[in-house]
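Chemist: Chains as they are written, first to last, in UniProt numbering: chain W, 1 to 489; chain A, 1 to 489.
Quick reminder that beta carbons are idealized off the backbone N, C-alpha and C, glycines included.
Values in this document were obtained by computation on a predicted structure and should not be read as measured data.
2 protein chains.
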Amino acid sequence: MAIPAETFFLRPDTETSLQQQIQQLVVEAILSGRCLPGERMPSSRKLAEHLGVARITVTIAYTELVSNEYLISKGRSGYYVAQNAPSRPKFNLPDQSENTGIDWSRTLGQRFLAHVPVMRPQNWRDYKYPFIYGQSDPRLFDHHNWRNCALKAVGRKDFDILATDYYERDDPMLVEFILRQILPRRGITARPEEILITMGAQHALWITAQILLTQRRTAVIENPCYPGLRQILNQTRCNTISIDVDNAGLPPEKLPDSLDVVFTTPSHHCPTNATMPVSRRHRLLELAAEGEFVVVEDDYEFEISFLKSPSPALKSLDPTGCVIYVGSFSKSLFPGLRLGYIVASEPFIREARALRSLVLRHPPGLIQRTAAYFLSLGHYDAQIARMGRIYRKRRSIMEQSISEERLSLTTQGTFGGSSFWMKAPDGIDSTKLAMSLRQDGVLIEPGSAFFATDEEDPGHYRLAYSSIASARIPDGISLIGKKIREARR
Amino acid sequence: MAIPAETFFLRPDTETSLQQQIQQLVVEAILSGRCLPGERMPSSRKLAEHLGVARITVTIAYTELVSNEYLISKGRSGYYVAQNAPSRPKFNLPDQSENTGIDWSRTLGQRFLAHVPVMRPQNWRDYKYPFIYGQSDPRLFDHHNWRNCALKAVGRKDFDILATDYYERDDPMLVEFILRQILPRRGITARPEEILITMGAQHALWITAQILLTQRRTAVIENPCYPGLRQILNQTRCNTISIDVDNAGLPPEKLPDSLDVVFTTPSHHCPTNATMPVSRRHRLLELAAEGEFVVVEDDYEFEISFLKSPSPALKSLDPTGCVIYVGSFSKSLFPGLRLGYIVASEPFIREARALRSLVLRHPPGLIQRTAAYFLSLGHYDAQIARMGRIYRKRRSIMEQSISEERLSLTTQGTFGGSSFWMKAPDGIDSTKLAMSLRQDGVLIEPGSAFFATDEEDPGHYRLAYSSIASARIPDGISLIGKKIREARR
Numbered sequence: 001m002a003i004p005a006e007t008f009f010l011r012p013d014t015e016t017s018l019q020q021q022i023q024q025l026v027v028e029a030i031l032s033g034r035c036l037p038g039e040r041m042p043s044s045r046k047l048a049e050h051l052g053v054a055r056i057t058v059t060i061a062y063t064e065l066v067s068n069e070y071l072i073s074k075g076r077s078g079y080y081v082a083q084n085a086p087s088r089p090k091f092n093l094p095d096q097s098e099n100t101g102i103d104w105s106r107t108l109g110q111r112f113l114a115h116v117p118v119m120r121p122q123n124w125r126d127y128k129y130p131f132i133y134g135q136s137d138p139r140l141f142d143h144h145n146w147r148n149c150a151l152k153a154v155g156r157k158d159f160d161i162l163a164t165d166y167y168e169r170d171d172p173m174l175v176e177f178i179l180r181q182i183l184p185r186r187g188i189t190a191r192p193e194e195i196l197i198t199m200g201a202q203h204a205l206w207i208t209a210q211i212l213l214t215q216r217r218t219a220v221i222e223n224p225c226y227p228g229l230r231q232i233l234n235q236t237r238c239n240t241i242s243i244d245v246d247n248a249g250l251p252p253e254k255l256p257d258s259l260d261v262v263f264t265t266p267s268h269h270c271p272t273n274a275t276m277p278v279s280r281r282h283r284l285l286e287l288a289a290e291g292e293f294v295v296v297e298d299d300y301e302f303e304i305s306f307l308k309s310p311s312p313a314l315k316s317l318d319p320t321g322c323v324i325y326v327g328s329f330s331k332s333l334f335p336g337l338r339l340g341y342i343v344a345s346e347p348f349i350r351e352a353r354a355l356r357s358l359v360l361r362h363p364p365g366l367i368q369r370t371a372a373y374f375l376s377l378g379h380y381d382a383q384i385a386r387m388g389r390i391y392r393k394r395r396s397i398m399e400q401s402i403s404e405e406r407l408s409l410t411t412q413g414t415f416g417g418s419s420f421w422m423k424a425p426d427g428i429d430s431t432k433l434a435m436s437l438r439q440d441g442v443l444i445e446p447g448s449a450f451f452a453t454d455e456e457d458p459g460h461y462r463l464a465y466s467s468i469a470s471a472r473i474p475d476g477i478s479l480i481g482k483k484i485r486e487a488r489r
Numbered sequence: 001m002a003i004p005a006e007t008f009f010l011r012p013d014t015e016t017s018l019q020q021q022i023q024q025l026v027v028e029a030i031l032s033g034r035c036l037p038g039e040r041m042p043s044s045r046k047l048a049e050h051l052g053v054a055r056i057t058v059t060i061a062y063t064e065l066v067s068n069e070y071l072i073s074k075g076r077s078g079y080y081v082a083q084n085a086p087s088r089p090k091f092n093l094p095d096q097s098e099n100t101g102i103d104w105s106r107t108l109g110q111r112f113l114a115h116v117p118v119m120r121p122q123n124w125r126d127y128k129y130p131f132i133y134g135q136s137d138p139r140l141f142d143h144h145n146w147r148n149c150a151l152k153a154v155g156r157k158d159f160d161i162l163a164t165d166y167y168e169r170d171d172p173m174l175v176e177f178i179l180r181q182i183l184p185r186r187g188i189t190a191r192p193e194e195i196l197i198t199m200g201a202q203h204a205l206w207i208t209a210q211i212l213l214t215q216r217r218t219a220v221i222e223n224p225c226y227p228g229l230r231q232i233l234n235q236t237r238c239n240t241i242s243i244d245v246d247n248a249g250l251p252p253e254k255l256p257d258s259l260d261v262v263f264t265t266p267s268h269h270c271p272t273n274a275t276m277p278v279s280r281r282h283r284l285l286e287l288a289a290e291g292e293f294v295v296v297e298d299d300y301e302f303e304i305s306f307l308k309s310p311s312p313a314l315k316s317l318d319p320t321g322c323v324i325y326v327g328s329f330s331k332s333l334f335p336g337l338r339l340g341y342i343v344a345s346e347p348f349i350r351e352a353r354a355l356r357s358l359v360l361r362h363p364p365g366l367i368q369r370t371a372a373y374f375l376s377l378g379h380y381d382a383q384i385a386r387m388g389r390i391y392r393k394r395r396s397i398m399e400q401s402i403s404e405e406r407l408s409l410t411t412q413g414t415f416g417g418s419s420f421w422m423k424a425p426d427g428i429d430s431t432k433l434a435m436s437l438r439q440d441g442v443l444i445e446p447g448s449a450f451f452a453t454d455e456e457d458p459g460h461y462r463l464a465y466s467s468i469a470s471a472r473i474p475d476g477i478s479l480i481g482k483k484i485r486e487a488r489r
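And the structure:
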């Protein structure tokens with residue numbers, strides 16, 4: 001007798017095709033021991049009827065399961081669970097329900113959980129007006145060509161090479177095209193030995209901090225500053241000095257007399273978007289040469305520079321090799337990719353490579369190769385050009401709407417970027433404003449997390465336009481204006 | 001006048017299609033400023049003639065470049081560099097040739113470069129007899145279905161979700177199928193809150209060591225031991241005690257009275273392959289409960305257990321939650337994938353997640369989703385079954401050849417694995433033996449890197465059969481036997 005079709009149930013699942021859902025059902029039934037080797041499967045007709053799907057769907061699923069050796073086909077008499085079907089071993093196991101023997105508060109030697117308030121809800125896509133920063137916008141990304149590049153990278157020829165453990169190395173093709181096509185956009189020339197691929201800019205900053213900083217060293221950061229960097233520095237337990245930025249970014253003359261590392265975002269200061277003028281860049285490098293400190297240039301968003309020509313990177317002006325340059329594909333491609341890179345002097349890159357290898361070996365080869373194809377075929381440069389056009393349009397709509405609603409911008413002199421740094425009227429706390437706006441479907445990012453202390457004006461907030469369609473911008477800004485007017489009453 | 005076709009050259013490159021090579025040529029020429037906006041491209045006929053390719057190949061490349069906005073088509077008059085073609089900014093740059101201003105020996109705060117001898121040449125695939133451990137074998141891997149799963153993951157529907165920054169989260173689909181399809185194979189039941197996806201087992205061990213160990217804590221490791229773990233512990237500066245293993249793995253009665261963490265490989269001890277009997281597993285857990293220490297179970301190769309049924313994982317016997325379980329896809333899928341996982345009590349996983357997020361956010365979503373499909377459609381279990389069959393065959397050929405050549409095995413009682421732990425006759429140094437065998441196209445892995453001190457017998461070596469075809473084994477083993485006999489003369 002065959003296994004009754006009625007023991008199989010489809011779970012509503014829109015992500016997976018019917019055929020694959022049926023495969024999953026059968027695999028699960030065999031692996032769990034519910035269907036045993038030698039048992040006959042329900043006929044494709046019966047199972048199709050029971051599940052309410054086309055018979056061919058079941059037949060294809062069964063055929064696939066035969067090729068995977070879960071089932072065997074015995075011609076007219078139908079499909080059977082294979083005698084050698086994959087199975088799970090059986091054990092007699094202790095009851096794990098009272099799993100409370102360890103005092104974890106004593107056992108944990110180092111703590112990493114920080115209580116950073118969550119500024120972005122996980123379901124930000126469900127909001128109608130997501131003025132949210134740093135996420136991807138499927139409308140902007142050249143998914144079609146990315147998919148083609150991924151296909152190429154996962155093809156047989158590349159796969160056999162990419163499947164192996166690279167130990168500490170990188171995909172030479174990705175390194176080559178970063179050197180040939182990305183770094184020249186920033187005026188940087190480098191050799192392959194001077195570059196390390198990382199799992200995004202966060203990873204690049206983390207590696208850099210581990211190598212340069214100890215409890216006895218001093219780091220300077222900008223205020224306000226990317227909160228992820230502040231977390232990294234806290235964990236190194238170095239002495240951290242925050243310096244207030246102005247409309248031209250970090251003022252070099254305010255640097256302390258003794259320091260080891262400066263972290264800066266000269267292209268677009270994070271989060272104010274201020275661009276550091278070339279004169280300041282030269283001054284910073286002079287001070288670095290005199291004071292023998294290192295400058296970490298986080299060029300996280302250089303591609304998005306469309307208002308004027310971008311300034312050359314600090315790294316390109318650096319005759320002594322004191323600049324460690326951090327780049328990322330998160331803004332130009334997409335953040336879930338987790339790819340970035342460090343460009344620095346060879347002795348530094350060697351250490352960084354050793355640390356990366358200790359922690360995780362290397363970023364997955366298939367991802368590196370996909371990005372390499374995307375670069376080599378010109379899709380990356382085309383993507384940057386397209387993004388620039390769309391961001392320029394969105395930005396001008398943002399400016400007009402902000403002006404109509406009389407909201408206050410706080411920075412001048414920006415070269416582009418994908419956001420505005422705003423200031424609510426006195427007395428308004430942007431965290432409360434943000435929570436209240438969520439009810440209207442509007443997401444803004446409160447500014448408090450960017451500041452070194454809690455004593456700053458709580459009115460700052462960031463409005464990004466990288467994930468919101470142009471047509472939605474005026475209504476979204478109008479809702480923010482309305483909420484602020486209500487709050488002032 | 002059109003740009004002369006003669007200024008374009010194909011570089012011999014078997015990895016990339018002709019059409020894509022032509023695209024690259026043109027992109028490079030435009031980005032470098034060699035072809036300027038408004039200039040006319042050579043006709044497809046002329047360029048095809050010059051490059052020696054079919055005209056349609058050039059036409060398709062041009063069409064692709066039009067859609068990427070590098071070129072525009074003006075009907076009969078041909079293709080022109082677009083006025084708005086992507087371009088690179090130009091800078092006046094200082095001379096970077098004397099890039100020697102920084103004294104890196106003083107600037108580096110922490111050093112990570114260890115001088116571990118390279119045991120495996122990068123070009124190991126070019127060797128005829130690669131008895132090399134832990135690399136992938138394209139003959140064993142179900143590349144066809146992996147590719148299909150990758151295609152599905154990079155499809156539009158999944159892509160839009162996977163492209164976003166997950167912050168500290170994982171792909172819920174991968175977590176679900178690890179819980180449903182992998183952990184039951186080890187007798188482990190767990191909740192989604194008790195699992196963290198990592199960039200491979202190395203990353204999992206690194207995270208675990210960071211959280212549990214400080215300079216004031218004591219870790220116990222096996223001797224011999226996976227060298228990557230010893231490097232991780234060195235970097236934490238904890239007190240590390242190495243305990244010699246025997247034919248049944250780590251002997252619990254030799255543990256010191258006071259310790260904080262034990263790292264062990266009970267399924268197949270690394271590198272001897274000894275399997276820890278269930279009685280020892282229970283004893284180890286009793287001691288852990290009494291001594292309030294944590295056991296880190298590195299189950300790096302459990303899938304490759306084909307001689308007897310696998311023993312249940314330590315984690316499955318653990319009523320108090322003192323076991324931190326580390327799994328990896330490197331052996332069952334392929335090492336370049338860089339995917340593994342930690343299963344442990346929720347307070348530990350929360351810290352591990354925070355640390356992972358600080359260092360790199362999360363493993364790339366596309367990779368996680370591809371693996372999830374591979375699991376969900378039953379390919380993973382089918383793959384394990386297939387590998388078991390082939391490894392069993394290779395192992396028996398290995399055993400026969402080893403016996404015929406009278407080479408010495410050192411461990412009994414193994415349940416499978418993908419290698420043998422060998423011992424050369426007294427007086428033979430396996431490092432020299434390995435270097436000498438390379439000339440014959442034979443790769444073996446010398447044992448010295450696995451030991452805590454240099455005082456061990458230098459005759460140990462590892463012979464793996466995960467990357468060598470069955471038909472090559474007898475000749476390879478015979479060459480090893482011959483070399484050893486020569487060395488003894």
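Could you say which of Lys-46(W), Glu-445(W) and His-460(W) lies nearest to Gly-427(W) if we only look at CA atoms?
Modeler: Working through the first sequence from its first residue, we reach residue 427(W) at position 427. The candidate whose alpha carbon is nearest that of Gly-427(W) is His-460(W).
Chemist: Are the Cβ atoms of Arg-165(A) and Pro-271(W) separated by less than 8 Å?
Modeler: As a position in the second sequence, residue 165(A) is number 165, starting the count at 1. As a position in the first sequence, residue 271(W) is number 271, starting the count at 1. Residue 165(A) is actually Asp in this sequence, not Arg. Contact: no.
Chemist: Can you name the start and end residues of the beta strand (DSSP E) that Thr-431(A) belongs to?
Modeler: Translated into the one-based positions of the second sequence, residue 431(A) becomes position 431. Looking at the DSSP string, Thr-431(A) is not in any beta strand (DSSP E); the run it does join, the alpha helix (DSSP H), is 430 to 438.
Chemist: What residues of chain W sit near His-379(A), judged by a beta carbon separation below 7 Å?
Modeler: Residue numbering aside, residue 379(A) sits at position 379 when the second sequence is read from its first letter. Those within 7 Å of His-379(A) in chain W are Asn-68.
Chemist: So, Ala-190(A) versus Val-343(A), is the Cβ gap smaller than 8 Å?
Modeler: In the second sequence, counting from the first residue as 1, residue 190(A) sits at position 190. In the second sequence, counting from the first residue as 1, residue 343(A) sits at position 343. Cβ distance < 8 Å, so Ala-190(A) and Val-343(A) count as in contact.
Chemist: Is DSSP giving Pro-335(A) helix, strand or coil here?
Modeler: As a first step, residue 335(A) is located in the second sequence; it is residue number 335 there, counting from the start. Three-state DSSP puts Pro-335(A) in a helix.
Chemist: Measure the alpha-carbon distance for Ile-197(W) versus Asn-145(W) and round it to whole angstroms.
Modeler: Reading the first sequence from its first residue, position 197 is the one you call residue 197(W). Reading the first sequence from its first residue, position 145 is the one you call residue 145(W). Using only the alpha carbons, I get a separation of about 22 Å.
Chemist: If you draw a straight line from the C-alpha of Asn-234(A) to the C-alpha of Ile-349(A), how long is it?
Modeler: Within the second sequence, numbered from 1, the residue matching residue 234(A) stands at position 234. Within the second sequence, numbered from 1, the residue matching residue 349(A) stands at position 349. Each residue's alpha carbon lies about 23 Å from the other.
Chemist: Against chain W, with Cβ distances strictly below 8 Å, would Thr-264(A) count as a contact?
Modeler: Working through the second sequence from its first residue, we reach residue 264(A) at position 264. No, no contact with chain W.
Chemist: Round the Cβ separation of Leu-314(A) and Glu-297(A) to the nearest angstrom and send it over; I've been treating them as touching at under 8 Å.
Modeler: On the second sequence, position 314 is the one that residue 314(A) refers to. On the second sequence, position 297 is the one that residue 297(A) refers to. Rounded, the Cβ-Cβ distance is 4 Å, consistent with contact.
Chemist: Give me the residue from Pro-319(A), Arg-147(A), Cys-149(A) and Trp-124(A) with the minimum Cα distance to Asp-137(A).
Modeler: Within the second sequence, numbered from 1, the residue matching residue 137(A) stands at position 137. For the residues Pro-319(A), Arg-147(A), Cys-149(A) and Trp-124(A), the minimum Cα distance to Asp-137(A) belongs to Trp-124(A).
Chemist: Could you name the residues of the segment 199 to 229 of chain A whose beta carbon sits closer than 7 Å to any beta carbon of chain W, in the order they occur along the chain?
Modeler: If the cut-off is 7 Å between Cβ atoms, the segment 199 to 229 of chain A has Met-199, Gly-200, Gln-202, His-203, Trp-206, Gln-210, Ile-211, Leu-212, Leu-213, Thr-214 and Arg-217 near chain W.
Chemist: From this set, Thr-208(A), Pro-192(A) and Glu-193(A), which residue's C-alpha is nearest residue 537(A)'s C-alpha?
Modeler: Because residue 537(A) is not part of the residues shown, which for chain A are 1 to 489, the question remains open.
Chemist: Would a C-beta distance cut-off of 8 Å place Thr-57(W) and Leu-18(W) closer than the cut-off?
Modeler: Numbered from 1 along the first sequence, position 57 holds the residue referred to as residue 57(W). Numbered from 1 along the first sequence, position 18 holds the residue referred to as residue 18(W). It is a contact, given that the beta carbons lie within the stated cut-off.
Chemist: Would you please verify whether the beta carbon of Gln-23(W) is less than 8 Å from any beta carbon of chain A?
Modeler: Here residue 23(W) is taken as the residue at index 23 of the first sequence, counted from 1. Cβ-Cβ to chain A under 8 Å: yes for Gln-23(W).
Chemist: Where does the unbroken alpha helix (DSSP H) through Asn-234(W) begin, and where does it stop?
Modeler: Within the first sequence, the letter at position 234 stands for residue 234(W). Its alpha helix (DSSP H) spans residues 227 to 236.
Chemist: Alpha carbon to alpha carbon, how far is Thr-107(W) from Cys-322(A)? Give it in angstroms, no decimals.
Modeler: As a first step, residue 322(A) is located in the second sequence; it is residue number 322 there, counting from the start. As a first step, residue 107(W) is located in the first sequence; it is residue number 107 there, counting from the start. Approximately 10 Å between the Cα atoms of the pair.
Chemist: Determine the extent of the alpha helix (DSSP H) in which Ser-401(W) is found, giving its start and end residues.
Modeler: Stepping through the first sequence from its first residue, residue 401(W) is reached at position 401. It spans 379 to 404 - the alpha helix (DSSP H) in which Ser-401(W) sits, taken as one unbroken run.
Chemist: Could one say the Cβ of residue 495(W) lies closer than 8 Å to chain A's Cβ atoms, at least one of them?
Modeler: It is not possible to answer for residue 495(W), since the shown part of chain W is limited to 1 through 489.
Chemist: List the residues of chain W whose Cβ lies closer than 7 Å to the Cβ of Asp-160(A), in chain order.
Modeler: Numbered from 1 along the second sequence, position 160 holds the residue referred to as residue 160(A). Correct list: Pro-138.
Chemist: Quick check: does the Cβ of Ile-243(W) come within less than 7 Å of any heavy atom belonging to the ligand HEM?
Modeler: Judged by which ligands are present, the structure shown has none, so any question about the ligand HEM falls away.
Chemist: So if I threshold CB-CB distances at 8 Å, which residues from the segment 308 to 329 of chain A count as touching chain W?
Modeler: Going along the segment 308 to 329 of chain A in chain order, one finds Ser-309, Pro-310, Pro-312, Ser-316, Leu-317, Asp-318, Pro-319, Thr-320, Gly-321 and Cys-322 with a Cβ nearer than 8 Å to chain W.
Chemist: Below 8 Å between beta carbons: does that hold for Ser-401(W) and Ser-345(W)?
Modeler: The residue given as residue 401(W) occupies position 401 in the first sequence. The residue given as residue 345(W) occupies position 345 in the first sequence. Contact: no.
Chemist: What distance in whole Å lies between the Cβ atoms of Gln-231(W) and Ala-114(W), which are believed to be in contact at a cut-off of 8 Å?
Modeler: Stepping through the first sequence from its first residue, residue 114(W) is reached at position 114. Stepping through the first sequence from its first residue, residue 231(W) is reached at position 231. About 6 Å; that satisfies the 8 Å criterion.
Chemist: Residues in the segment 34 to 64 of chain A with C-beta within 7 Å of chain W's C-beta atoms, listed in sequence order?
Modeler: Residues passing the 7 Å Cβ filter: none.
Chemist: Ignore the nearest five residues each way along the sequence and tell me which others in Thr-239(W)'s own chain have a CB closer than 6 Å to its CB.
Modeler: Locating residue 239(W) in the first sequence gives position 239, counting from the first residue. The amino acid at residue 239(W) is misidentified as Thr; the sequence shows Asn. Only Thr-218 meet the Cβ criterion.
Chemist: Assuming Asp-244(A) contacts Asn-223(A) under a Cβ cut-off of 8 Å, what Cβ separation, rounded to an integer in Å, is found between them?
Modeler: Stepping through the second sequence from its first residue, residue 244(A) is reached at position 244. Stepping through the second sequence from its first residue, residue 223(A) is reached at position 223. So it is a contact: roughly 5 Å between Cβ atoms.
Chemist: Reducing DSSP to helix, strand and coil, say where residue 536(A) ends up.
Modeler: The question about residue 536(A) has no answer here: the residues shown for chain A are numbered 1 through 489.
Chemist: If we count the other Cβ atoms within 10 Å of its Cβ and call it buried at 16 or more, is Thr-453(A) buried or exposed?
Modeler: Here residue 453(A) is taken as the residue at index 453 of the second sequence, counted from 1. When all chains shown are included, Thr-453(A) counts as exposed.
Chemist: CB-CB under 7 Å to Leu-212(A), same chain, minus the five flanking residues each way: which ones, in chain order?
Modeler: Taking the second sequence and counting its residues from 1, the one referred to as residue 212(A) is at position 212. Result list for Leu-212(A): Asp-260, Val-261 and Val-294, in chain order.
Chemist: In three-state DSSP terms, what is Glu-253(W)?
Modeler: Mapped onto the first sequence, residue 253(W) falls at position 253. Glu-253(W): helix per DSSP, three-state reduction.
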